[in-house]
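One point on numbering: in my numbering, the residue at position 343 of the sequence shown is 726, and numbering is uninterrupted.
Glycine is no exception: its CB is placed at the ideal position from the N, C-alpha and C atoms.
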Amino acid sequence: MAGVATAFHLAVRLGIYGVLLVDERDPLTLTSDKGTEAYRNWWPGPDDTMVRFMQRSITLLELLSLESGHAFAMNRQGYAYLTGEPDRIPLMRREAETVSGFGAGLLRIHSTGGSGYDASASSLDGADLVLDPSVIAEHLPFVTHRTVAMLHARRCGWMDARALGHWMLDRFLEVGGRFVRDCVNAIDIRNDRLDRVVFASGTVLYPGTLVFSTGPLFHETGLLMGLKLPVSHELHCKIILPDPDRIIPADIPMLIWTDPVFLSWTEEEKRRLSGHEDTRWLTDKFPAGVHLRPRHRDGRDTILGVWTYDRNPCSPVWPLPINPHYAETVIRALTVMVPRLSAYFGKGGETFVDGGYYCKTKDNRPLIGPLPVQNIYVNAALSGYGVMAAQAAAELVAGYLTGEPLPAYAPAFRFERFQDPVYLASLTARDGMEGQL
Ligand SMILES: Cc1cc2nc3c(=O)[nH]c(=O)nc-3n(C[C@H](O)[C@H](O)[C@H](O)COP(=O)(O)OP(=O)(O)OC[C@H]3O[C@@H](n4cnc5c(N)ncnc54)[C@H](O)[C@@H]3O)c2cc1C
């Protein structure tokens, strides 16, 4: 998505001649068509950088949606963050006030007995913090009645990422952009300047400028240039669960359970699982963040369920090393939020699972801009937000190439920040998780 959006921006938006898009596989098929395809302007701190960046990207997505005749089914159904823990409400409110203060829009608070929450107003910005469980139950009758608060962020939703990517790719080819299926095997650098690129096919090119958007292979790309790039990887998966009982309506927001969970087992199952070392973990407390959204595609109603309960950094390998218990674990966790999904217990084995690797920096912000080698740029490390961020990211990297004035968030994404010992020392483990779902 990052590479296609960059090529689109350069060739279609800016009319630059001679743009060549190179990928060793069909574009969009490694990571970009494997995610939840969602977007949000609702980003935590430490400052307003990510909110401003995503606001811009969403504006560009909205324009593309109009221009393409809604070719990629972008909706604005929102994200609903739910909690069943009354003690968490003050924190939820404080965090929401902070994000609102960053420019994500007004925070409307709906206390018990208060009215005015309009779930369907799709033009709303900001967020609604609904503190009346009966109002939540009225709008989302299938979520657990333990839910005590809901933060409904409004400039959020999802789309068909593959359709978006292919729409841009088609426009790129129409204006004379070229696509070559090949693998960049070597990059020769002379006097700290890009010299030539060697492909697996044996082709050698001397491009004026190179932009890398190599997703989870970005680290390997760095090694081709003798650069150790400051990124790590996490495996994130999702399930595509058929919903023949229509438990999840099509018009709801994405639902995110923000409390830690215990998976739901019968006493007998719990006893059996805790009796074995390799299944005992299934009875432990799991981290917060399990989420779902409805998907209607190719004539089928499904639920996308996502949960990364194991966030250890890893080296990307394919095929993905997916835990065989993953699907059943996600279904069981989702029932904490939507109890009726227990109808699908035992379906884990037949549920489709896919996913990919988040390529992340230590501050969970992207790398966009020049690298220390002249004429080589990067648009990568897009973590869990590459589909939603690709438009603003492409615009930004194009701005560097053409010498356009850059937005205020540009310096926050430059490579050099990881060469600054003061910045590095200021980072905490929390920064690497900032805003991550
Ligand atoms: C489970 C999951 C859920 C997600 N949910 C969301 C979401 O809701 N919203 C969102 O915005 N993002 C989401 N993401 C993240 C998003 O999918 C990624 O950030 C995004 O796809 C990254 O795009 P990319 O173009 O950088 O990488 P990729 O899509 O991986 O593309 C990189 C391309 O580079 C090519 N390449 C690499 N090395 C070479 C080489 N040497 N020569 C030639 N070609 C090369 C590869 O073949 C590949 O096609 C999710 C990700 C996952 C895994």
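Would you say the beta carbon of residue i is closer than 7 Å to some non-hydrogen atom of ligand 1?
| i | result |
| --- | --- |
| A487 | no |
| H619 | yes |
| E778 | no |
| E407 | yes |
| K743 | no |
| S448 | no |
| G467 | no |
| T604 | yes |
| S415 | yes |
| V770 | yes |
| Y422 | yes |
| M533 | no |
| T597 | yes |
| G496 | no |
| G585 | no |
| L404 | no |
| D712 | The residue you asked about is not Asp; residue 712 is Thr in the sequence shown. For ligand 1, not one heavy atom lies less than 7 Å from the Cβ of T712. |
| S809 | no |
| P696 | no |
| S766 | yes |
| T419 | yes |
| C539 | no |
| P410 | yes |
| A385 | yes |
| V581 | no |
Using only CA atoms, which one of the options lies nearest to residue i?
| i | options | result |
| --- | --- | --- |
| C742 | M437, W640, F555 and H602 | H602 |
| R408 | C620, D565 and K745 | D565 |
| R800 | G752, A776, Y768 and A773 | G752 |
| D634 | A671, L675 and E660 | L675 |
| V526 | V761, A716 and G509 | A716 |
| R423 | Y727, I639 and V580 | I639 |
| L547 | A479, I441, P804 and S451 | S451 |
| R459 | T412, P670, M475 and G540 | G540 |
| E420 | I623, M542, E468 and L474 | M542 |
| T649 | D642, P643 and S657 | S657 |
| A385 | D814, S615, S494 and Y768 | Y768 |
| T785 | V387, G398 and A388 | G398 |
| D661 | P627, T685 and N706 | N706 |
| L577 | S596, Q757 and I686 | Q757 |
| S517 | S506, G499, D501 and T495 | T495 |
| R538 | V558, L765, G509 and R545 | G509 |
| Y806 | A726, T744, A791 and M720 | T744 |
| P755 | M637, T666, L612 and V700 | L612 |
| L771 | T432, Y792 and M437 | Here the sequence assigns Met to residue 771, which means Leu is not the residue at that position. The shortest C-alpha separation from M771 is found at M437. |
| A520 | I472, V395, F485 and T466 | T466 |
| A795 | G428, H535, N574 and T597 | G428 |
| A710 | S698, L665, G682 and V700 | L665 |
Which two residues bound the contiguous alpha helix (DSSP H) that contains residue i?
| i | result |
| --- | --- |
| F601 | F601 to L607 |
| G782 | G769 to T785 |
| V805 | P804 to S809 |
| M637 | Premise fails: M637 lies in the beta strand (DSSP E), M637 to W640, not in any alpha helix (DSSP H). |
| V482 | I472 to V482 |
| L593 | Here L593 belongs to no alpha helix (DSSP H); instead the beta strand (DSSP E) covers L593 to F595. |
| Y709 | Y709 to M720 |
| L612 | Careful: L612 lies outside any alpha helix (DSSP H) and carries neither H nor E. |
| L656 | E650 to S657 |
So what does residue i bridge to, in DSSP terms?
| i | result |
| --- | --- |
| D684 | H679 |
| A536 | Y462 and A510 |
| P625 | T685 |
| G738 | C620 |
| N762 | I751 |
| Q438 | Answer is none; Q438 lacks a bridge partner. |
| L489 | Beta-bridge pairing links L489 to no other residue. |
| V526 | The partner list for V526 (beta bridge, DSSP) is empty, contrary to what the question assumes. |
| R423 | C539 |
| V644 | F669 |
| V587 | V581 |
| H674 | I639 and V689 |
| Q757 | R576 |
| K743 | S615 |
Between which two residues does the beta strand (DSSP E) carrying residue i extend?
| i | result |
| --- | --- |
| H522 | Element bounds for H522: not the beta strand (DSSP E) but the alpha helix (DSSP H), P516 to H522. |
| F369 | The displayed coordinates of the chain run from 384 to 820. Any statement about residue 369 would go beyond what the structure contains. |
| R573 | V567 to R573 |
| R561 | R561 to R564 |
| R576 | R576 to F582 |
| V395 | Element bounds for V395: n/a, residue is neither H nor E. |
| L404 | L403 to D406 |
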